[in-house]
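Top line first, the protein sequences correspond to chains A and B.
Sequential numbering of the first sequence, starting at 9, is according to this note's numbering.
Sequential numbering of the second sequence, starting at 100, is according to this note's numbering.
Here a beta-carbon is modelled for each residue, glycine too, at the ideal position from N, C-alpha and C.
Source: prediction; values computed, not measured.
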Amino acid sequence: MSAYSDANADLLTIELQLLLEGIFQKYGYDFRNYSKAHIRRRVLNRLSLCRLETVSELQNKVLRDPDFFRDFLEDLSINVTEMFRDPDFYRSFRENIVPKLKTYTYFKVWHAGCATGEEVYSLAILLQEEGLLERCQFYATDFNRKVLEIAKEGVYQKADMELYERNYQLSGGKGKLSDYYNSMYGSVMFKKELSKRIVFADHNLVTDGVFAEVNLVMCRNVLIYFDKMLQDKVLNLLTESLVPAGYLCLGSKESLKFSTVENRFVALDDKQKIFKKKLNV
Amino acid sequence: MYKAIVVGTSYGGLEALKLILPQLPEDFPLPVIVVLHIGEHKNDTFIRLLNELCTLQVKEAESKEPVLPGHIYFAPPNYHLLVEDDRTFSLSTDEKLNYSRPSIDILFESAAWAYQHELIGLILTGANSDGAEGLKTIKSFGGKTIVQDPCHAIAPIMPRFALKIAQPEIRLSLEAIPARLVELASSKKAVE
């Protein structure tokens, strides 16, 4: 980051804006309304890894070399997730949503921004334990095809299982997490019976429209990376995707506060960010 | 004039903060933004405790919330805390940095870009190297950098790293820090 300092901080802001505009025009991925601080951090990291001096040099490579762009796309997307992240959320899900789902013969779930799928398998396990997975059509989407491949395979690091097992137990799991996967050397593979109801698909929340009409939307720790305007746009899209009385689950630090859809939901669990769409407004 | 203070600390941090923060007066003109490594535990308990001790309002920083004077903000557990150029907070679930989430470096670096030379960075007691690079960034923007004297810190590693890597301007005993913060907060900073 030596090319940027106090004196030319403005230059970095300009170059970042040009880079994001270029990516949008050339590749159709729209990061223009992402958190600027997040984008700046990722771009500066990439500069130093590639030993490039300026964002303009990076932009040149990004626009002219699609393979370089593919790798750079990984930098911009957020793929860190864990199984049963926020165990209290899953506990609340069992309490507040499961009884209602049990009254349905068939329902659809959309996990928007599923990254590498750890939370998709978490919910699939929960639904399985509640006898609901068979009644469910489960869509899991992300704009990043590379992470979708990982999600589809359901293969994760064995080293992470200790934490995930602990999360699972805290979330009110009814068995052992290890009941659901097979170990192979340093990895584990989740059983195919969990994913047989899941369709993994490419969908971009920023540039694509409503994906499906569903009873439940999970979109956790995705909105925090967007600016207020984009957050609101995406919240409207999620709202339109929900049937009346459908459920919306956000990340524990995300909220509907100050959004234009706030009055279209009631909070079932304000702390765990579980909302129910009102019947009509 | 300075516009904000960022503070990073880990082991022994709560004790240090309990000494410093209650001494900031009601009319303290700068927001104080703190990363305290506490693992994945909830921080309701110590926020409540500090609120009872402090005249300033202590709270967890929320996504998109504007950074305002009169407040002491804490990063939520298991999220990185960043300051945007428009001086609102962002949260992120990115990889841990220096084995930490929240990471002091990530807060300090984002705040350095947002506030440039109008920022004060403070590293207190702690048991890893997080914060040293961030403090260096603050210094490179012309901000004021302060480190607790490691000789008297509960855990000297974090202040030592910060001293070595960032070569901060000020090294103070814990007891001397509050008065210095009050003095800096009300000072007119010479414009380069």
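Quick check on residue i - is its C-beta less than 9 Å from some C-beta in chain A?
i               : result
Q266 of chain B : no
G107 of chain B : no
Y172 of chain B : no
S228 of chain B : no
E178 of chain B : First, the residue type needs correcting, since residue 178 of chain B is Tyr and not Glu in the sequence shown. Yes, contact with chain A.
K287 of chain B : no
I245 of chain B : no
V281 of chain B : no
E161 of chain B : yes
T192 of chain B : yes
F240 of chain B : yes
V182 of chain B : yes
P175 of chain B : yes
A231 of chain B : no
S189 of chain B : yes
Excluding the 5 residues flanking residue i on each side, which residues of the same chain have their C-beta closer than 6 Å to its C-beta?
i               : result
K102 of chain B : Y214 and E217
S179 of chain A : F92, P95, Y98 and R99
L171 of chain A : none
N215 of chain A : In the sequence as displayed, the identity of residue 215 of chain A is Thr instead of Asn. Contacts found: D38.
H251 of chain B : S272
R270 of chain B : V246 and D248
L156 of chain A : D150 and F208
H136 of chain B : S109 and S199
Do residue i and residue j have their CB atoms nearer than 9 Å?
i               : j               : result
F207 of chain B : G107 of chain B : yes
F101 of chain A : T149 of chain A : no
V105 of chain B : G220 of chain B : yes
T244 of chain B : A115 of chain B : no
K284 of chain A : Y255 of chain A : yes
M151 of chain A : D210 of chain A : Note that residue 151 of chain A corresponds to Phe in the displayed sequence, not to Met. Yes. Within cutoff.
P176 of chain B : N150 of chain B : no
P165 of chain B : F127 of chain B : no
T247 of chain A : V274 of chain A : no
Please check if any C-beta of chain B sits within less than 9 Å of the C-beta of residue i.
i               : result
S43 of chain A  : yes
T111 of chain A : no
N288 of chain A : no
H211 of chain A : no
N104 of chain A : no
H46 of chain A  : yes
I86 of chain A  : yes
L231 of chain A : yes
S64 of chain A  : no
S100 of chain A : no
S13 of chain A  : yes
T89 of chain A  : yes
Would the beta-carbon of residue i be found less than 8 Å away from any heavy atom of the ligand FAD?
i              : result
R40 of chain A : In the structure shown, the ligand FAD is absent, as is every other ligand, since no ligand is present at all.
Please go through the same chain and pick out, in chain order, the residues whose beta-carbon is closer than 7 Å to the beta-carbon of residue i, but skip the five residues on each side of it.
i               : result
L287 of chain A : P252 and A253
S195 of chain A : V163, Y164, Q165 and K166
L71 of chain A  : G30 and K34
D204 of chain B : L196, N197, D229, G230, E232 and G233
L283 of chain B : Y101, I219 and K243
Y129 of chain A : M91, G162, F198 and L202
L60 of chain A  : L66
T89 of chain A  : A123, T124, E126 and E127
E161 of chain B : F188
K287 of chain B : M100
Between the C-alpha atoms of residue i and residue j, what's the straight-line distance to the nearest angstrom?
i               : j               : result
T124 of chain A : S85 of chain A  : 11 Å
K41 of chain A  : L245 of chain A : The sequence as given places Asn at residue 41 of chain A; Lys does not occur at that position. The straight-line gap from Cα to Cα measures roughly 16 Å.
R147 of chain B : S285 of chain B : 28 Å
R143 of chain A : V106 of chain A : 12 Å
L280 of chain B : P255 of chain B : 21 Å
F39 of chain A  : K116 of chain A : 29 Å
C153 of chain B : L120 of chain B : 6 Å
K236 of chain A : L213 of chain A : 15 Å
W212 of chain B : V51 of chain A  : 14 Å
A261 of chain B : N68 of chain A  : 36 Å
I264 of chain B : L19 of chain A  : 26 Å
C122 of chain A : L81 of chain A  : 16 Å
I282 of chain A : L155 of chain B : 32 Å
V242 of chain A : N229 of chain A : 13 Å
G181 of chain A : L134 of chain A : 7 Å
Given residue i, which residues of its chain have a CB within under 8 Å of its CB, disregarding the five upstream and five downstream residues?
i               : result
E291 of chain B : Summary for E291 of chain B: the model assigns pLDDT 39, below 50, so the residue's position carries little reliability; its value from the coordinates is reported in the next sentence. Correct list, in chain order: H216 and G241.
L24 of chain A  : K44, I47, R48, V51 and V63
N223 of chain A : L109, Y112, F115, K116, V117, L250, V251, G254 and Y255
I253 of chain B : Y110, G111, E114, A115 and T224
E183 of chain B : S189, S209 and A213
Near-chain B residues of the stretch 48-59 of chain A (beta-carbon distance less than 8 Å), N- to C-terminal order: R48 and R49
Relative to chain B, which residues along the stretch 259-288 of chain A have a C-beta separation below 7 Å, given in chain order? K261 and E262
May I ask you to list, following chain order, the residues of the stretch 114-141 of chain A that have a beta carbon less than 8 Å from some beta carbon of chain B? none
Can you give me, in chain order, the residues of the stretch 234-251 of chain A that have a beta carbon less than 9 Å from any beta carbon in chain B? D235, K236 and Q239
Along the stretch 16-32 of chain A, what residues have a CB closer than 9 Å to any CB found in chain B? Going along the stretch 16-32 of chain A in chain order, one finds A17, L20 and T21 with a Cβ nearer than 9 Å to chain B.
Within 8 Å of chain A by C-beta, residues of the stretch 202-219 of chain B in sequence order: I205, E208, S209, W212, A213, Q215 and H216
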